[in-house]
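Chains A and B are the protein sequences, given in the same order. Anchor point for the first sequence: position 60 equals 60 in the numbering used here, and the numbering is continuous, going up by one each time. Anchor point for the second sequence: position 60 equals 60 in the numbering used here, and the numbering is continuous, going up by one each time. We treat Cβ as the ideally placed atom computed from N, Cα and C, and that holds for glycine. Report on the structure given below.
There are 2 protein chains.
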Amino acid sequence: MGVTKRHIHSMRANQIADLAKILSNPARVAIIEYIGDCDGCLCQDISEKIRLSQPTTSQHLQVIKRAGVLKSQFKGKAQYYSIDARKWEQLQGLFYDFFEHTKSKMSEK
Amino acid sequence: MGVTKRHIHSMRANQIADLAKILSNPARVAIIEYIGDCDGCLCQDISEKIRLSQPTTSQHLQVIKRAGVLKSQFKGKAQYYSIDARKWEQLQGLFYDFFEHTKSKMSEK
DNA sequence: ATATTGTATCGTAATATAGCGATATTACAT
DNA sequence: ATGTAATATCGCTATATTACGATACAATAT
């Protein structure tokens with residue numbers, strides 16, 4: 001019926017899918033790349049850099065933030081975004097484990 | 001307008017997004033996990049295992065295959081799917097580089 | 001030739017996603 | 001108090017994705 005059937009899959013499969021979803025849009029990849037560069041970026045600057053409107057950029061930022069990968073801090077009226085290094089490390093570990101686990105199962109055969 | 005604007009982003013950002021898309025659905029993650037286990041699986045078996053219909057499973061298999069991550073081989077009427085180890089390694093490398101690159105930029109600041 | 005079996009494809013419906021303009025909200029400045 | 005600037009949210013449209021039943025296709029078996 002067009003809705004992803006989350007409940008039939010394992011927690012792990014859902015978790016990996018949720019995190020992969022963050023990177024499944026090139027605008028979000030570009031945002032993460034840019035924030036890595038400037039460390040403490042404004043939405044407006046990001047918006048200009050990646051050439052998407054401010055509302056669209058803001059929405060992508062929310063998606064990444066909801067997943068815990070972004071930190072943000074108000075300084076006056078401006079909001080400075082940066083990557084949460086701990087979460088980033090954690091995310092990397094999750095993918096790494098998945099890749100390695102799959103490989104180890106292959107080589108057993 | 002609801003269409004991802006691929007052309008405004010870098011090749012690299014698009015490439016990462018395309019590959020992340022493979023893992024952005026728990027059914028596909030589950031399929032990859034299962035194929036890793038059995039090495040040479042039938043669509044039907046996978047379908048039963050992940051509890052999605054045969055057509056749905058077949059579609060997901062095509063998505064993963066189109067990205068080059070699956071190999072398949074007919075033996076009579078049956079089609080045996082397995083993971084392309086080289087491509088898997090390559091995929092892992094791409095994600096690894098992205099994570100590391102982002103981290104290195106963060107630590108410079 | 002016909003039946004059976006395993007896959008793929010078609011058609012369709014429902015939900016999700018991506019994008020933007022308009023508007024609201026918030027904080028600082030004057 | 002009013003204006004300005006940065007961000008977030010609302011409302012909308014168009015496209016993409018997910019899922020399934022029905023059906024077509026291909027290879028073996030009878």
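C-alpha gap between residue i and residue j, whole angstroms
i, j, result
"residue 102(B)", "residue 29(A)", "11 angstroms"
"residue 56(B)", "residue 25(A)", "23 angstroms"
"residue 51(B)", "residue 11(A)", "15 angstroms"
"residue 83(A)", "residue 20(B)", "19 angstroms"
"residue 46(A)", "residue 53(B)", "42 angstroms"
"residue 99(A)", "residue 77(A)", "42 angstroms"
"residue 80(B)", "residue 104(A)", "20 angstroms"
"residue 49(A)", "residue 59(A)", "16 angstroms"
"residue 27(A)", "residue 97(B)", "18 angstroms"
"residue 65(B)", "residue 71(B)", "7 angstroms"
"residue 33(A)", "residue 23(A)", "11 angstroms"
"residue 63(A)", "residue 73(B)", "39 angstroms"
"residue 31(B)", "residue 75(B)", "20 angstroms"
"residue 3(B)", "residue 3(A)", "20 angstroms"
"residue 92(A)", "residue 61(A)", "19 angstroms"
"residue 94(A)", "residue 94(B)", "15 angstroms"
Extent of the continuous alpha helix (DSSP H) to which residue i belongs
i, result
"residue 35(B)", "26-38"
"residue 50(A)", "43-50"
"residue 53(B)", "Neither: residue 53(B) is in no alpha helix (DSSP H) and is coded neither H nor E."
First and last residue of the uninterrupted beta strand (DSSP E) at residue i
i, result
"residue 82(A)", "78-83"
"residue 10(B)", "Taken as a continuous stretch (DSSP letters only), residue 10(B) belongs to no beta strand (DSSP E), as it is neither H nor E."
"residue 75(A)", "70-75"
Rounded distance between the beta-carbons of residue j and residue i, thought under 8 angstroms
i, j, result
"residue 68(A)", "residue 106(B)", "Not really, about 16 angstroms apart at Cβ, beyond 8 angstroms."
Residue i Cβ short of 6 angstroms to the ligand GDP heavy atom set
i, result
"residue 56(B)", "The model on display carries no ligand, and the ligand GDP is accordingly not part of it."
Margin query: Beta carbons nearer than 9 angstroms to chain B: which residues of the region 95-106 of chain A have them?
Written below: Going along the region 95-106 of chain A in chain order, one finds 95, 96, 98, 99, 100, 101, 102, 103, 104, 105, 106 with a Cβ nearer than 9 angstroms to chain B.
Margin query: Measuring CB atoms only, is the region 27-47 of chain B touching the region 3-13 of chain B, in the sense that at least three cross pairs come out at less than 8 angstroms?
Written below: Judged by Cβ distances under 8 angstroms, the region 27-47 of chain B makes no contact with the region 3-13 of chain B, as fewer than three pairs qualify.
Check: Would you say the region 77-89 of chain A touches the region 13-20 of chain A, given that touching needs at least three Cβ pairs under 8 angstroms?
Finding: For the pair of segments examined, the region 77-89 of chain A was found not to touch the region 13-20 of chain A: the number of CB pairs separated by less than 8 angstroms stays below three.
Check: Along the region 7-30 of chain A, what residues have a CB closer than 9 angstroms to any CB found in chain B?
Finding: Listed by position, the residues of the region 7-30 of chain A near chain B (Cβ gap below 9 angstroms) are 8, 9, 10, 12, 13, 14, 15, 16, 17, 18, 19, 20, 21, 22, 23, 24, 25, 26, 27, 28, 29, 30.
Checklist line | Residues within the region 50-80 of chain B neighbouring chain A, beta-carbon criterion of under 8 angstroms | finding: For the region 50-80 of chain B, which is checked against every Cβ of chain A, the residues closer than 8 angstroms are 50, 51, 52.
Check: Mind listing which residues of the region 33-50 of chain A have their C-beta closer than 9 angstroms to chain B's C-betas, in chain order?
Finding: Taking 9 angstroms as the cut-off between beta carbons, the residues of the region 33-50 of chain A near chain B are 33, 35, 36, 37, 38, 39, 40, 50, in sequence order.
Note to self: Short of 9 angstroms Cβ to Cβ, which residues in the region 81-94 of chain A face chain B?
What the structure shows: Residues passing the 9 angstroms Cβ filter: 82, 83, 85, 88, 89, 91, 92.
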